[in-house]
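Reviewing the structure listed below.
Protein chains in written order, with this note's numbering: chain A, 180 to 548; chain B, 287 to 680.
If you want it as structure tokens, here you go:
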């Protein structure tokens, strides 16, 4: 059994973690009551911990137990200031790591964070370093969420610097989710957040369940690490569940890799470095030959593809995890962030100059009373 | 002159004295002719002397008829007469008191031996004097019967037998002959069983008594005036006499019979599968004994309440008496039950059946803490949910 640590850092990470806990209760509206009489049903031993400097963000969680919410006292958040966030982490590092240590040893840790916020973007790189230092054999996967582009230059700036730091730490890889990309799923921002969070939560739980299941065709944590180490060590996940009208496993695999079902805009055929396809469904629906053919076809473009088949009653479900060798969207973000930072800098200079000019009017004058 | 005046006064005085003396002499002469009277109580043989007259009480012939025999004689033999005098009727001798003779009136007759006599006479005859007879009173031959009729008791009930006793006693001084007792008419409220009409000895010497008894049966209720019984007889002189008893009242009540009252004292509601005691009291409120008493009971509905010991027999319950016994009740099924106790007995007027009923409730099974079956799980659930709520409350 895998020992899994899931850390939700910052408001975005907290909410995704809460969505994971909700899914562990069965998801949907029933989970609201189920939490009063059921224990969360995780496929492995999963420990969750929500970390935040803003207590109000912790209070709004509904499916995460109080003991799994950790408030790092720093007034009310870090105000999207990563420097303040880093200082807060360093000031409370022992406490944070002590809280994690209480939860035992882990094989894999998912650090779920937004790249744009204050706490998550500043805490996560430092936290990953601490995890790697404290747990030598642990696999750390960062689940990083990119911001809406219109959220502001500060968030883009944070995302740019945070992503750079996340790339530099000794984690096994980053799974990207792009809010901007997934915004299309819902009309308004609030429901888009909920849907994105739920989507990420389901895919992570599916991944954990699959890695910890007896498989017809085996993939394991090692394979997953290998996949995440491929390319830029940046990957994403696709998911598809066959509908009752089309139970073809081939179509399900193909659909799981289509951009519409990915968390981050990528072209598998052009960008994928390594991939893992995990298929779950009733035995009679799982045609191994067909799966093998489809995987082989994918391997031709994506390099190495691991496949795992889990026999479980139900319509075929396919989770695809792949790392990319190029990330044009990231470049776009960095360019946008740089522009924003430049604009910010210029505005600040202009403002400073205007202020200096204003002060110049009274430069030789004294206060008279 | 003075002497003349004195003489004149003395003459007036002497004249006055003479006038007074003359008036006095005239008055005395008038008084001697006046009729007066005097009463005497005489026994037989007593005599009154007045002047030349001698008056003797010879006999009280009849007290009832007011006849007294007296003898009046005059010294010298010019008058010697024995006459029966009627009570309160003046009898003149020698022309009566108005004409210088005497008048005798019997004022009262005390008994067979004495009477009160009034003598009227002119004062000139002198003062009458009584001479008591020195002869012993002759032994009288005067029977007198007292008669008494009595009932055994003055109150009885229809159907009761009663004895009537007639007692006749000769309380007189002579022999009573030809005694006849007439106890009539027969009373319609009674049927005469034996001894009627009553028979008494025909002859009773003085001091003797006789009695007879007859038996009747009361047949009709009511208050009855029992008429007097009359006894008639004659004395030795064949003089007819009679006497009666005093009438009196008796009460004949309705026929006495037993009246049993049944009282059932039940337990408080019986718990299911529980037991209780039923106390039965049968008391005789009537005036006759109840005999051959048979008590038996039924329970409706028949199943659900078991009663043991309801049936019982008693030989007799005296008037005012009471018998008590108990029956055991077992509640087998919840519900309302009626226990009907029938008591048959002979109440003196044939067989009678009395009934008594009692309602008994057998309670539903009490689930004392049944509510806990609901409350405890709810409390556990609430506690569990609260605990979970606290787990998630931050």
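Where a beta carbon is used, it is the ideal one built from N, C-alpha and C, also for glycine.
These numbers come from a predicted model, not from an experiment.
### Message
Please list, in chain order, the chain B residues whose beta carbon lies closer than 9 angstroms to that of residue 227 of chain A.
### Response
By 1-based counting over the first chain, the position of residue 227 of chain A is 48. Those within 9 angstroms of residue 227 of chain A in chain B number zero; the least Cβ separation is about 13 angstroms.
### Query
So, using beta-carbon positions, are residue 417 of chain A and residue 389 of chain A closer together than 8 angstroms?
As a working mapping, residue 417 of chain A is identified with position 238 in the first chain. As a working mapping, residue 389 of chain A is identified with position 210 in the first chain. No, the Cβ-Cβ distance between residue 417 of chain A and residue 389 of chain A is not below 8 angstroms.
### Query
Are the beta-carbon atoms belonging to residue 456 of chain A and residue 499 of chain A less than 8 angstroms from one another?
Translated into positions along the first chain, residue 456 of chain A becomes position 277. Translated into positions along the first chain, residue 499 of chain A becomes position 320. Contact flag set, yes.
### Task
For residue 543 of chain A, count neighbouring Cβ atoms within 10 angstroms of its own Cβ and tell me buried if that reaches 16, exposed if not.
Indexing the first chain from 1 puts residue 543 of chain A at position 364. Per the 10 Å Cβ criterion, exposed.
### Query
Which whole runs of the alpha helix (DSSP H) in the segment 419-453 of chain B are 4 residues long or more, in chain order?
none
### Task
Flag this pair as yes or no: are the beta carbons of residue 223 of chain A and residue 181 of chain A separated by less than 8 angstroms?
As a first step, residue 223 of chain A must be located in the first chain, where it is residue number 44. As a first step, residue 181 of chain A must be located in the first chain, where it is residue number 2. In contact: residue 223 of chain A and residue 181 of chain A (Cβ atoms closer than 8 angstroms).
### Query
Which word fits residue 350 of chain B, buried or exposed, when buried means at least 16 other C-beta atoms lie within 10 angstroms of its C-beta?
Numbered from its first residue, the second chain carries residue 350 of chain B at position 64. With fewer than 16 Cβ atoms within 10 Å of its Cβ, residue 350 of chain B is classed as exposed.
#### Entry: C-beta contact flag for residue 320 of chain A and residue 350 of chain A at 8 angstroms
As a working note, residue 320 of chain A is residue 141 in the first chain. As a working note, residue 350 of chain A is residue 171 in the first chain. Taking 8 angstroms as the Cβ cut-off, residue 320 of chain A and residue 350 of chain A qualify as a contacting pair.
### Query
Does the separation of the CB atoms of residue 403 of chain B and residue 353 of chain B fall below 8 angstroms?
Taking the first residue of the second chain as position 1, residue 403 of chain B is located at position 117. Taking the first residue of the second chain as position 1, residue 353 of chain B is located at position 67. Contact flag unset, no.
### Task
Give a yes or no on whether the minimum CB-CB distance between residue 619 of chain B and chain A is below 8 angstroms.
The residue you call residue 619 of chain B lines up with position 333 of the second chain. It does not; no Cβ of chain A falls within 8 angstroms.
### Task
Taking only beta-carbon positions, decide if residue 471 of chain A is within less than 8 angstroms of chain B.
Here residue 471 of chain A corresponds to residue number 292 of the first chain, with the count starting at 1. Answer no: the Cβ-Cβ gap between residue 471 of chain A and chain B never drops below 8 angstroms.
### Task
Examine chain B for any beta-carbon lying closer than 8 angstroms to the beta-carbon of residue 237 of chain A, and answer yes or no.
One-based indexing of the first chain puts residue 237 of chain A at position 58. Answer yes: the Cβ-Cβ gap between residue 237 of chain A and chain B drops below 8 angstroms somewhere.
### Query
From the beta carbon of residue 415 of chain A, is the nearest beta carbon of chain B less than 8 angstroms away?
By 1-based counting over the first chain, the position of residue 415 of chain A is 236. So no, residue 415 of chain A is outside the interface.
### Message
Just to confirm, is the Cβ distance from residue 489 of chain B to residue 462 of chain B under 8 angstroms?
### Response
On the second chain, position 203 is the one that residue 489 of chain B refers to. On the second chain, position 176 is the one that residue 462 of chain B refers to. Contact: yes.
### Message
Would residue 245 of chain A pass as an interface residue toward chain B - the criterion being a Cβ-Cβ separation below 8 angstroms?
### Response
Counting from 1 along the first chain, the entry for residue 245 of chain A is found at position 66. Yes, because at least one Cβ of chain B sits closer than 8 angstroms to the Cβ of residue 245 of chain A.
### Message
For residue 309 of chain B, count the other beta carbons within 10 Å of its own beta carbon; 16 or more makes it buried, fewer makes it exposed. Which is it?
### Response
Translated into positions along the second chain, residue 309 of chain B becomes position 23. With a pLDDT of only 49 at residue 309 of chain B, under the threshold of 50, the placement of this residue in the model should not be trusted; the figure read from the coordinates follows. When all chains shown are included, residue 309 of chain B counts as exposed.
### Message
Please list, in chain order, the residues of the segment 204-224 of chain A that have any C-beta partner in chain B closer than 8 angstroms.
### Response
214, 215 and 216
### Query
Where does residue 262 of chain A land, buried or exposed, given buried means 16+ other C-beta within 10 angstroms?
In the first chain, the residue the question calls residue 262 of chain A occupies position 83. It counts as exposed.
### Query
Count the other CB atoms within 10 Å of the CB of residue 459 of chain A; is the residue buried (16 or more) or exposed (fewer)?
Taking the first chain and counting its residues from 1, the one referred to as residue 459 of chain A is at position 280. Buried, by the Cβ-count rule.
### Query
DSSP three-state call for residue 318 of chain A: helix, strand or coil?
In the first chain, the residue the question calls residue 318 of chain A occupies position 139. DSSP places residue 318 of chain A in strand when its eight states are reduced to three.
### Message
Within 8 angstroms, do at least three Cβ pairs link the segment 439-454 of chain B to the segment 480-500 of chain B?
### Response
yes
### Message
Taking only three categories from DSSP, how would you classify residue 660 of chain B?
### Response
Here residue 660 of chain B is taken as the residue at index 374 of the second chain, counted from 1. Note: residue 660 of chain B maps to helix in three-state DSSP.
### Task
Look at the Cβ atom of residue 398 of chain B, then the Cβ atom of residue 428 of chain B, and state whether they are nearer than 8 angstroms.
For the purposes of this step, residue 398 of chain B is identified with residue 112 of the second chain, where counting begins at 1. For the purposes of this step, residue 428 of chain B is identified with residue 142 of the second chain, where counting begins at 1. Their beta carbons are under 8 angstroms apart, which means residue 398 of chain B touches residue 428 of chain B by this criterion.
### Task
Give every residue of the same chain whose Cβ lies closer than 7 angstroms to the Cβ of residue 196 of chain A, excluding the five residues on either side of it in the sequence, and list them in chain order.
Position 17 of the first chain, counted from the first residue, corresponds to residue 196 of chain A. Contacts found: 185, 187, 227, 229, 243 and 291.
### Which residues DSSP lists as bridging residue 570 of chain B, in chain order
Reading the second chain from its first residue, position 284 is the one you call residue 570 of chain B. BP columns for residue 570 of chain B point to B:546.
### Query
Which ranges does the alpha helix (DSSP H) cover as unbroken runs of at least 4 residues, wholly within the segment 417-490 of chain A, from first to last along the chain?
428-436, 447-450 and 467-481
### Task
Take residue 417 of chain B and list the residues in its own chain whose beta-carbon comes closer than 8 angstroms to its own, dropping the five residues that flank it on each side.
Taking the first residue of the second chain as 1, we reach residue 417 of chain B at position 131. Once the five neighbours on either side are set aside, the close Cβ partners of residue 417 of chain B are 332, 333, 334 and 335.
### Query
Using a C-beta to C-beta distance shorter than 9 angstroms, which residues of chain A count as neighbours of residue 626 of chain B?
Numbered from 1 along the second chain, position 340 holds the residue referred to as residue 626 of chain B. Those within 9 angstroms of residue 626 of chain B in chain A number zero; the least Cβ separation is about 59 angstroms.
### Task
Compare the C-beta of residue 248 of chain A with all C-beta atoms of chain B and state if any pair is closer than 8 angstroms.
On the first chain, residue 248 of chain A is found 69 positions in, with the first residue counted as 1. For residue 248 of chain A, the answer is yes, since a Cβ of chain B falls inside 8 angstroms of its Cβ.
### Message
Tell me the DSSP secondary structure of residue 633 of chain B in three-state form.
### Response
The residue you call residue 633 of chain B lines up with position 347 of the second chain. Coil at residue 633 of chain B, not helix or strand.
### Message
Contact defined as beta carbons within less than 8 angstroms: I believe residue 375 of chain A pairs with residue 356 of chain A. What is the distance between those atoms, to the nearest angstrom?
### Response
Counted from its first residue, the first chain places residue 375 of chain A at position 196. Counted from its first residue, the first chain places residue 356 of chain A at position 177. About 7 angstroms; that satisfies the 8 angstroms criterion.
### Task
From the DSSP output, in three-state form, read off residue 316 of chain B for me.
As a first step, residue 316 of chain B is located in the second chain; it is residue number 30 there, counting from the start. For residue 316 of chain B, the predicted structure reports a pLDDT of 49, less than 50, and the residue's modelled location is therefore unreliable. A value from the coordinates is still provided. Residue state, collapsed to three classes: helix.
### Message
Output needed for residue 253 of chain A: all residues of its chain with C-beta closer than 6 angstroms, excluding positions within five of it in sequence on either side, in chain order.
### Response
Along the first chain, one-based indexing puts residue 253 of chain A at 74. The residues are 232 and 267.
### Query
Which term fits residue 485 of chain A, buried or exposed, when burial requires 16 or more other beta carbons within 10 angstroms of its beta carbon?
For the purposes of this step, residue 485 of chain A is identified with residue 306 of the first chain, where counting begins at 1. By the neighbour-count rule (16 or more Cβ atoms within 10 Å), residue 485 of chain A is buried.
#### Entry: Buried or exposed by the 16-neighbour rule on C-beta atoms within 10 Å, applied to residue 191 of chain A
Along the first chain, one-based indexing puts residue 191 of chain A at 12. By the 10 Å Cβ count, residue 191 of chain A comes out buried.
### Message
Checking 8 angstroms against the spacing of the C-beta atoms, do residue 682 of chain B and residue 513 of chain B come in under that value?
### Response
Because residue 682 of chain B is not part of the residues shown, which for chain B are 287 to 680, the question remains open.
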